[in-house]
Structure formats: C-alpha cells, structure tokens
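The next block holds one structure in the form of structure tokens; read it before the comments.
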Amino acid sequence: SPSRVRCLAPASGLALLATLRLSANGVEYTDHGAHYAYHEPVVVLSVWPELGPEDGGTLVTIEGRHFLPHATLSCQFADAPPSRAMWLNAETVRCVAPASRGLERANVSVTNNLADFSSDAVTFAYHKALQVSGIHPSAGPLTGGTPITVAGNNFVEARGLSCKFGDAIVSASRRSELELVCVSPAQLFTTARGVDVSVSLNGRDFVRAGAFVYFAPPVVTGVAPSSGALRGGAVVALSGAQLAPISPAHH
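Heads up: the sequence shown begins at 81 in my numbering, then just goes up one per residue.
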C-alpha cells in the first residue's frame with residue numbers, strides 16, 4: 081500500500097543492529113532508515129510443570145536460551161494463538177497454558193518477535209480434570225505422619241503428584257486412577273486446628289479434597305480400675321490430657 085511495504089530479511093552471521101533503508105528504483109535509497117536487530121534464534125530446552133489440566137490456566141516456566149525482554153515475547157502451545165510471555169531472564173520465561181482444545185500433548189514454542197518461533201521438540205501434556213470426593217482419615221496429630229487416602233478419579237502417574245495441607249506441600253503416591261496416598265506433615269501450631277487439603281498432579285494446580293483436623297496427641301496418665309476378670313466387661317476409665325473428641329468445628 082502507499083504507507084506499508086514488506087521485505088524479507090536476509091540472513092546474518094552475527095547478532096547485530098542493521099539499518100534498513102528503502103529504494104523505489106534499486107539505485108537511490110532513503111537517507112534515513114529504520115533499525116532492524118538480528119538476534120540468536122530462540123531455543124526451548126524444557127518446561128515445568130510438564131502437564132496441566134485440560135481446561136488450561138497452568139503457569140508454565142520455560143527454560144531455554146536467547147529470550148529477549150520485548151513486548152512481542154510470546155509462547156505458543158501447538159497451533160493455539162500466541163500468548164504474552166513474562167520475561168525473567170535470557171534463559172527463563174513464564175506463560176499461561178491455554179485450554180487443550182482436544183489435544184493430549186502440545187508442542188511449546190517461544191518467539192521474540194511473533195514471526196520467528198522456536199522449533200524444539202519440547203511438549204506440554206494435558207490431563208483430564210481431577211474429580212475429588214474426599215479424604216480418610218480426616219484428623220491426625222500435630223506431629224504429622226498420618227497416612228491419608230484421597231478418593232476421586234482421573235489420578236495419573238506424574239512427577240508432580242502432591243498434597244497440600246494448608247500451605248505445606250508433600251509428595252503423594254498413586255494407588256490407582258481412583259486413589260492417592262500422602263502423609264500429613266507436622267504443623268507448628270500447638271492447638272487443634274483444621275486445614276484445607278488439596279491435591280495436584282503437577283505441584284502447581286491444586287484441587288480441594290476436604291478438611292483435615294490436627295489435634296494434640298492424647299496423653300494417658302492413669303486407668304481405673306487397673307485390673308479386671310478374664311471374662312471382660314469391666315468399664316475402664318482413662319485419665320490424662322488431650323482426651324476430648326475431635327470435631328470438624330476446629331476448622
């Protein structure tokens with residue numbers, strides 16, 4: 081058009097700032113030109129986490145080389161529209177994964193200029209949305225160490241399998257597509273208190289599973305009577321501390 085032309089940039093063996101000038105006849109060129117910067121091609125080496133829910137929204141950290149803090153710095157997952165990337169340094173950017181649009185795995189690429197995209201074989205996998213129905217048991221001592229079973233669906237084997245008790249994250253193991261197991265961590269508070277428990281396949285996107293009540297471990301200091309007949313049936317009273325029943329009201 082009278083106000084816009086397109087040119088194909090020639091190759092350059094160096095990263096440099098070139099002056100771009102225009103000619104209408106191939107002989108005479110404009111006195112003042114625009115600047116065009118050549119940069120090293122973008123390389124993507126890895127992504128973390130390596131998977132996320134199919135509805136998207138996972139904050140993905142991408143490691144690589146030659147990322148530039150340009151306004152056009154973007155990520156692309158498969159053929160989804162490019163999305164703005166957050167530049168951390170020349171080797172790290174962050175992007176939000178889009179919805180899967182039916183894909184189980186998407187190639188991840190990065191561009192500095194919305195024209196030249198990386199072409200490395202680094203992918204991001206999608207998993208079905210987690211369906212969580214509850215946890216058992218729902219209480220344990222402040223000292224931690226209670227094995228917790230999480231019931232639900234769509235649990236798959238993944239490196240980021242984890243449970244979160246309040247703000248404390250612990251690793252989890254998969255029993256089946258319907259069950260995960262994790263161990264409650266110790267807490268710093270000293271009185272009974274409930275915390276939310278949530279689970280994740282990637283260590284970043286968590287789904288609430290239920291509430292877990294921490295209690296001070298019971299202490300038994302006496303028993304009365306201290307003996308009884310072989311036939312059993314005697315009512316025995318225990319004395320000590322922290323013997324009150326645990327209630328979800330502590331949450």
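C-beta: ideal position from N, C-alpha, C; glycine also.
Query: Helix, strand or coil: which one does DSSP assign to SER259?; Result: The question names Ser, yet the displayed sequence has Glu at residue 259. In this structure, GLU259 counts as strand in the three-state DSSP scheme.
Query: Less than 8 Å between the beta carbons of CYS262 and ALA252, yes or no?; Result: yes
Query: For VAL212, tell me which candidate among VAL279, GLY182, PRO82 has the shortest Cα-Cα distance.; Result: VAL279
Query: Where do the ends of the beta strand (DSSP E) carrying PHE204 lie?; Result: 203-207
Query: Using 10 angstroms around the beta-carbon of SER319, count the other beta-carbons present and answer buried if the total reaches 16, otherwise exposed.; Result: exposed
Query: Quick one: Cα of GLY214 to Cα of LEU260, how far?; Result: 11 Å
Query: Check whether the segment 139-150 touches the segment 298-306, counting contact only when three or more Cβ pairs, one atom from each stretch, lie closer than 8 Å.; Result: no
Query: Could you say which of TRP167, THR152, ALA151, VAL122 lies nearest to VAL140 if we only look at CA atoms?; Result: TRP167
Query: What does DSSP give as the partner residue(s) for PHE235 in the beta ladder?; Result: DSSP lists no partner for PHE235.
Query: Measure the Cβ-Cβ separation of PHE197 and GLN156 and say whether it is below 8 Å.; Result: yes
Query: Apply the 10 Å Cβ neighbour rule to ALA329 and answer buried if 16 or more other Cβ atoms are within range, or exposed otherwise.; Result: Confidence at ALA329 is low in this model, with a pLDDT of 43, below 50, so its placement is unreliable and the value that follows should be read with caution. Looking at its Cβ environment, which holds fewer than 16 other Cβ atoms inside 10 Å, ALA329 is exposed.
Query: May I ask you to report which of helix, strand or coil DSSP gives GLU120?; Result: coil
Query: Cβ of ALA179 within 8 Å of Cβ of ASP135?; Result: yes
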